[in-house]
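Enquirer: Counted the way the working numbering counts, the sequence shown spans residues 489 to 699.
Idealized CB from N, CA, C, for every residue including glycine.
Since the structure is predicted, the reported quantities are computational estimates derived from the model, not experimental observations.
Once you've had a glance at the structure underneath, I'll fire off some questions.
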Amino acid sequence: MTLIIAIDGPAASGKGTLARRIAMHFGLPWLDTGLLYRAVARDVLAGGGNLDDVAVAEAMARSIVAGTLDDPALRGPQAGDAASIVAKIPEVRAALLDYQRAFALQDGGAVLDGRDIGTVVCPQARVKVFVTASDAARARRRFLEHMGRGEDVTYDNLLADIRRRDARDSGRSAAPMLAASDALHLDTTELDADQAFEAVMRLIHERIAGS
Ligand code: CDP
């Protein structure tokens, strides 16, 4: 049985943690597709380029390889903000599509999280979940995450970052952040990580049983 699970949602909604735990549960590989956009932005800036330079950003997207994704520098708020700028470029999205689809089509399936997995990358996914949480809950979680790594951040800056990125991600014309019409919805505002995982597993089992 091939099981492709698409987890989408706005910044810091908890989709990455959920995707990782779902993948572990089913013994499937997991791809955090946000890392691809973060790495493209990193590479553009490292080469001295501008984030909105289509030719440079596309060239970087074409040369992204999985090995360069395991980079702690990709996890910061600046990397996320820069990612959302290159993510608006259709040529960048197209260049990253084959890699994501090949990952999804592995034997047995895969779990992918992002913004357009259920709508564009894997419209055929057996299970699609769109994860949300209030702005305040998302900023609080991200704040605790960064503080835990000893990073110098403020709640207000993280909240502003999340709102700016959400607006960019939903407002762009190329593959905007959107729940697929057949996505299951999960609001994690009032849930801790374990409760969110239990809730998403209930939804997934219902969907699998009904399909
Ligand atoms: O972890 P967080 O939700 O903060 O962000 P991320 O998933 O790492 O994504 C960083 C940025 O990459 C997003 O704000 C989007 O602009 C872009 N992205 C995208 O356009 N499509 C995806 N499938 C994944 C990420």
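1. For the beta strand (DSSP E) containing GLY602, list its first residue and its last residue.
2. What did DSSP end up calling THR642 once you bin it into helix, strand or coil?
3. Just to confirm before moving on: does the CB-CB distance between GLY537 and VAL528 stay below 8 angstroms?
4. Give me, in chain order, the residues of the same chain whose beta-carbon lies closer than 8 angstroms to that of ASP569; leave out the 5 immediate sequence neighbours on both sides.
5. Can you tell which of ALA598, CYS610, ASP601 and VAL542 has its C-alpha closest to the C-alpha of VAL580?
6. Between the segment 596-615 and the segment 516-524, are three or more C-beta pairs nearer than 8 angstroms?
7. Can you give me the C-alpha to C-alpha distance between GLY636 and ARG563, rounded to a whole angstrom?
8. Can you look up ALA570 in the DSSP assignment and give me helix, strand or coil?
Expert: According to the structure data:
1. Run containing GLY602: 597-602, per the beta strand (DSSP E) assignment.
2. Residue state for THR642 is assigned as coil, using DSSP reduced to three classes.
3. Taking 8 angstroms as the Cβ cut-off, GLY537 and VAL528 do not qualify as a contacting pair.
4. Answer for ASP569: ASP649, ARG652 and ARG653, listed in chain order.
5. Distances from the alpha-carbon of VAL580 to those of ALA598, CYS610, ASP601 and VAL542 put VAL542 closest.
6. Judged by Cβ distances under 8 angstroms, the segment 596-615 makes contact with the segment 516-524, as three or more pairs qualify.
7. A direct Cα-Cα distance of roughly 13 angstroms separates GLY636 from ARG563.
8. Three-state result, ALA570: helix.
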